[in-house]
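Residue numbers (the working numbering): 12 to 261. Where a beta carbon is used, it is the ideal one built from N, C-alpha and C, also for glycine. Keep in mind the model is a prediction, meaning the values are calculated, not measured. For reference, the structure is listed below as structure tokens.
As structure tokens, then:
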């Protein structure tokens, strides 16, 4: 189709479309894309939450994670996913053939870290958790990682903000929260905010830009006014174009 001739400008669409193309290319078993997305989102989220398997995972743990996804989530989607060892092994082989995951040095990992981030973001956006594990708010899956300043979650947070406008608002509100201890957390919050600011499709309103400017102007929690340049800086932020914001950040 005509749309396939160009790369999407939306980062989430880019990785989503890339995953779909790899899936289609290697899908000799005729797996359903939605089924693959649900199961791999479950695997990716479990890895992201793990203290020891964030990047790589051994075959037994990978198989158990897939089996758990089929057992816990199948009933919500009225799917009768087969969970025997043979079907799980065939599914893992398919994932490797499709280049969604790779086998190296005795463990498995996602072919690209952004694939893993996309699957985690997809999982949280669609709340793909069993009733027993589901949190009261989807933002709760993110909030803890923001508070702990976990850089591993940066890409995940960016993709979630692109995929879901409600979560985007909650993420920005949390990062701009004036109750935060700016002396200890400002560098992390500011880093994510500036990345969000430069992502096509994520637009800050005037109030959010004003709050961001205040954080940028603070020095040891004492406002440092940039009076003459204030209007110019706000104009740069308002453009939300990558080139101009790159110049500003530099």
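query, result
"Selection from 42, 226, 106 and 136 that minimises the alpha carbon distance to residue 122", "106"
"Test item: CB-CB of residue 139 and residue 56 under 9 Å", "yes"
"Those residues which DSSP pairs with residue 35 across a bridge", "Its beta-bridge partners do not exist; DSSP assigns none."
"Cα-Cα separation between residue 61 and residue 53, rounded to whole angstroms", "12 Å"
"Exposed unless 16 or more other CB atoms sit within 10 angstroms - verdict on residue 234", "Residue confidence for residue 234 is low, a pLDDT of 45 falling below 50, so the modelled location carries little weight; the figure read from the coordinates is stated next. Label assigned to residue 234: exposed."
"Start and end residues, beta strand (DSSP E) containing residue 141", "Neither: residue 141 is in no beta strand (DSSP E) and is coded neither H nor E."
"Nearest neighbour of residue 184, chosen from 174, 200, 66 and 170 [CA to CA]", "200"
"Cβ shell of residue 165 (< 8 Å), same chain only, five flanking positions each side left out", "202, 203 and 206"
"Supposed close pair residue 23, residue 129 - CB separation, criterion 8 Å", "7 Å"
"Limits of the alpha helix (DSSP H) - the one that residue 121 falls within", "Residue 121 -> not in any alpha helix (DSSP H); beta strand (DSSP E) instead, spanning 118-121."
"Close-in-space but distant-in-sequence residues of the same chain around residue 179 (CB under 7 Å, 5 per side omitted)", "172 and 213"
"As assigned by DSSP and simplified to three states, the class of residue 76", "helix"
"Coil, strand or helix - residue 42 by DSSP", "coil"
"Local Cβ density within 10 Å of residue 120, reported as buried at 16 or more and exposed below that", "buried"
"Under 9 Å between C-beta atoms of residue 49 and residue 84", "yes"
"Exposure of residue 136, with buried meaning 16 or more beta-carbon neighbours within 10 Å", "buried"
"Run of the beta strand (DSSP E) containing residue 114, from where it starts to where it stops", "112-115"
"Beta-ladder partner(s) of residue 68, from DSSP", "119"
"Between the CA atoms of residue 160 and residue 152 - distance to the nearest angstrom", "14 Å"
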